[in-house]
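Trainee: This is the structure, below, for whatever I ask next.
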Amino acid sequence: MTPLTTDTPAYRLRSAWLGLLILAIIATLPFWISDLDLAAARVFHDPTSARTPWPLAQHPLFVFLYRLGSGLSWLALGFAASTFLIPRLRPHTGLRQMALILLCSVALGPGLLVNGIGKDFTGRPRPRHVEALGGNSDYRPPLQLGTPGVGKSFPCGHCSVGFTVGSAGFALAQARPLLGGGIVLFSFLLGSAIGIARMAAGAHFLSDVLWAAVLSWAAGLLVTGHMMRNTASTTVSAWPPWLRIAAPTVLVIGVATGLLFARPFHTDVHAAPETEAGYYRLTLDAADLRIQVDPALPTPLILSGELKGFGFPNVDTRQTAQIHTNEWHYQLELSGWPREIEAPLLLRVRPEILPRLDIQVGRKEKQSWPMPPIAYWQKTNSSPHGTE
């Protein structure tokens, strides 16, 4: 593959940035003047579903797309590394340039702009966390800042990797316009498909998906323009020997480290005592807990839900339940280095159990759940919303 050059006329670059500006406006303005975000989320939201209000979250197709979003970054990493490590690929300067462009675009777009800045500092609640969709937080339109670290909806991280595939199209746009344009179109379809899968799980709004495209393609245009501005400077064979090894190595290690901390984990939570006990205790490392009182429950209590998030591969979960001296004790433990944790749990309990129920929540320092379960039930039972 011959070296890539940047003889692209200035008007083409201006057109690309103008198109990106228009997309940014489309991804923002309609969601400030209407409830389009909430309307799109309600397509996947079913509050009457017995298991979860987002029943399509575990659909095989959407699960595949969700995992594909994580796998694409590793594919880009492997592609870039192979162009330097496999002897047969080393003479192909253009291929190495494209690999570097794609890898740098992943690092700048999904890595820095999306996950490093967007998610950590915008503080936008996910759809499943907003009050209009069964959560406890207020809806925030795109670009309205909230509390940093509280809510990581904006923008969509998984689908941003799909959009970043378009960087290869930007690199090929001059030499092979049809192929380059086809790759950009494919990246739009791929990123959108992954985005729909994340919307189905209540993890992202429609505007999160659109802004993921804006940021990913902006990163791709910046990287492509910079690395192709001077062909000689981006021809690896022209680099000093130490730089040929150091630069790709540092980049690969940096991207790989970020990907390792973005590994998803998921555990279905279910617990119910098989026999009556004098006292019931729940020790939960993480919990976003709701309590429902049900006098007709066949067992003293039933705990259900899920523990999920992202973290290092050493993240592990464990559930144990045992009876000791007339006390039933359930533990939900989370170990390792999690980066983001969600634990929507529903506790259904018979009313006579409430005075004999204790709930402790926290990983390092266990704290009593905001109020004793009996007090929580009395408070909510006296409200006009019923017994939840």
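In terms of this note's numbering, the sequence shown opens at residue 49 and continues consecutively.
C-beta: ideal position from N, C-alpha, C; glycine also.
1) Is it a yes or a no for the segment 308-324 touching the segment 338-357, going by three-plus beta-carbon pairs under 8 Å?
2) Do you know offhand how far F218's Cα is from L77's?
3) On the DSSP bridge assignment, give the partners of T368 in chain order.
4) Please identify the residue among P173, H274, C207 whose C-alpha is closest to the C-alpha of L193.
5) Thinking just about the alpha-carbon of each residue, which of R366, C152, L71, A310 is nearest to the one in L254?
6) Suppose only complete runs of 4+ residues qualify. What are the alpha helix (DSSP H) ranges in the segment 141-223, listed by chain order?
7) Roughly how many whole angstroms lie between the Cα atoms of R404 and I74?
8) Under 7 Å Cβ to Cβ from W259, same chain only, skipping five residues before and after it: list those, please.
9) Could you tell me the alpha carbon to alpha carbon distance between Q340 and V409, rounded to whole angstroms?
10) Check whether the Cβ atoms of G359 and W385 lie closer than 7 Å to each other.
11) Report the rounded CA-to-CA distance for E390 versus R136, giving the unit in angstroms.
12) Under a three-way DSSP split, which group does L68 fall into?
13) Quick one: what's T315 bridged to in DSSP?
14) Skipping 5 residues on each side, what residues in its chain have a beta carbon closer than 8 Å to that of L263?
15) Drop a sphere of 10 angstroms on the beta-carbon of D94, count the other beta-carbons inside from all chains shown, and report buried for 16 or more, exposed for fewer.
16) How long is the line joining the alpha carbons of G67 and L116, rounded to whole angstroms?
17) Quick one: using the 10 Å Cβ neighbour count with 16 as the cut-off for buried, is R144 buried or exposed?
18) Starting from V409 and walking both ways along the beta strand (DSSP E), at which residues does that stretch end?
19) Excluding sequence positions up to five away, which residues of its chain have a Cβ less than 6 Å from the Cβ of T331?
20) Could you pull out every residue in the same chain whose Cβ sits closer than 6 Å to the Cβ of V178, ignoring the five residues on either side in sequence?
21) Between which two residues does the beta strand (DSSP E) holding D336 run?
22) Give me the residue from L69, G126, L270 with the minimum Cα distance to I301.
Mentor: Checking against the coordinates, here is how it stands:
1) yes
2) 27 Å
3) Q379
4) P173
5) L71
6) 141-154, 205-212, 214-220
7) 54 Å
8) A75, P190, F202, P203
9) 18 Å
10) yes
11) 46 Å
12) helix
13) L355
14) G157, L161, V162, G166, P203, S208
15) exposed
16) 27 Å
17) buried
18) 405-409
19) Q379, Q408
20) S185, Y187
21) 336-341
22) G126
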